[in-house]
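Here's the structure we're looking at; comments come further down.
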Amino acid sequence: MTDDSDDSDAPGPHDDPVTRGGGRLDADVRRAAAAAADGDLVVYPTETVYGLGGDALDPDAVERVFELKGRDRGNPLSLGVASVDVALRYTRPTELAIDFARAFLPGPVTVVVERADAVPDALTAGRDRVGIRVPDHPVARDLLDSAGPLTATSANVSGTGSVTRPADLSDRIREGVAAVIDDGETPGTESTVVDPDAGTIHRRGAMAGAIEAWLDDPPVEE
Numbered sequence: 013m014t015d016d017s018d019d020s021d022a023p024g025p026h027d028d029p030v031t032r033g034g035g036r037l038d039a040d041v042r043r044a045a046a047a048a049a050d051g052d053l054v055v056y057p058t059e060t061v062y063g064l065g066g067d068a069l070d071p072d073a074v075e076r077v078f079e080l081k082g083r084d085r086g087n088p089l090s091l092g093v094a095s096v097d098v099a100l101r102y103t104r105p106t107e108l109a110i111d112f113a114r115a116f117l118p119g120p121v122t123v124v125v126e127r128a129d130a131v132p133d134a135l136t137a138g139r140d141r142v143g144i145r146v147p148d149h150p151v152a153r154d155l156l157d158s159a160g161p162l163t164a165t166s167a168n169v170s171g172t173g174s175v176t177r178p179a180d181l182s183d184r185i186r187e188g189v190a191a192v193i194d195d196g197e198t199p200g201t202e203s204t205v206v207d208p209d210a211g212t213i214h215r216r217g218a219m220a221g222a223i224e225a226w227l228d229d230p231p232v233e234e
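Numbering (the numbering used here), first residue to last: 13 to 234.
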């Protein structure tokens, strides 16, 4: 925990990277955004679970995420952004996919669309599609607005349970990140992963019923 009496925002060599919520959240977000800009990894809250963020447009930072999680490089990571409009800068979605995204984002949904050239192969495992995540969480969106696109993946070692409280972070994750934004406990639900163009739900999670209903009968603009 940081000391409120310290005029410096920089942590000391023995400081725990975890910082608490409340009045310091803005400073915590700034510190985490600066860490991500330096190529470091950060942990941040979402409306589902705590996420592990690195610069999603930097292949080296993406590689560090895979390494820290012990994740198979053939298993793509999602692209976390602050809004659907920001997502459009890094993707080439169809009109159907845009309509779907505007209907369900921000929210606990990962929308799979065609990526643009700025998205590195490292993030998508060389595939031409990428999952877009716009968290319905003000702290997460503040961070993404400040830092730019970050990896959107749970802050856990692959094969272990997702983390809903910073206190439950594994030592491996805690020691491998430069900052942890602590905004209390998160709900623990998983996002639903969906490719609206294919009409396919890859993973059922939050709002799956509403998503199925939309896919079965997409709204038609008059």
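Beta carbons are placed, not taken as given, at the ideal position from N, Cα and C, and that holds for glycine.
Bear in mind that the values here come from a model prediction, so they are computed numbers and not experimental data.
Annotation for Glu197: no beta strand (DSSP E) segment contains it, and DSSP assigns it neither H nor E. When the Cα atoms are used, Val232 and Val189 turn out to be separated by approximately 45 angstroms. One Cα belongs to Ser174, the other to Ile185, and the distance between them is close to 12 angstroms. In its chain, beyond the 5 residues on either side, Val151, Asp154, Leu155, Ser158 and Ile193 have a beta carbon closer than 7 angstroms to the beta carbon of Val41.
Here DSSP, grouped into helix, strand and coil, assigns Ala191 to strand. Glu126 carries a strand assignment under DSSP once its states are collapsed to helix, strand and coil.
When secondary structure is reduced to three states using DSSP, Arg215 falls in the strand class.
The beta carbon of Phe116 sits closer than 6 angstroms to no other beta carbon from its chain once the five residues preceding and following it are set aside.
DSSP places Ser182 outside both helix and strand once states are collapsed to three, so it counts as coil. In this structure, Val124 keeps its C-beta atom at 8 angstroms or more from the C-beta atom of Leu135. Closest option to Gly82, judged by alpha-carbon separation, among Val169, Gly92 and Asp229: Val169. When DSSP states are grouped into helix, strand and coil, Arg101 belongs to the coil group. Bounds of the beta strand (DSSP E) holding Leu162 are Leu162 to Ser166. Burial is judged here by how many other beta carbons sit within 10 angstroms of a residue's own beta carbon; His214 has fewer than 16 and is exposed.
Put simply, the backbone Cα of Pro105 is about 17 angstroms away from that of Pro161. DSSP, reduced to helix, strand and coil, places Gly63 within a strand of the structure shown. The criterion of a C-beta distance shorter than 8 angstroms is not satisfied by Val96 and Arg85.
Taking Pro120 as reference, the option from Gly217, Gly221 and Asp129 with the minimal CA-CA separation is Gly217. Apart from sequence neighbours up to five positions away, the residues of its chain that approach Leu227 with a beta-carbon distance below 6 angstroms are Gly211, ordered along the chain.
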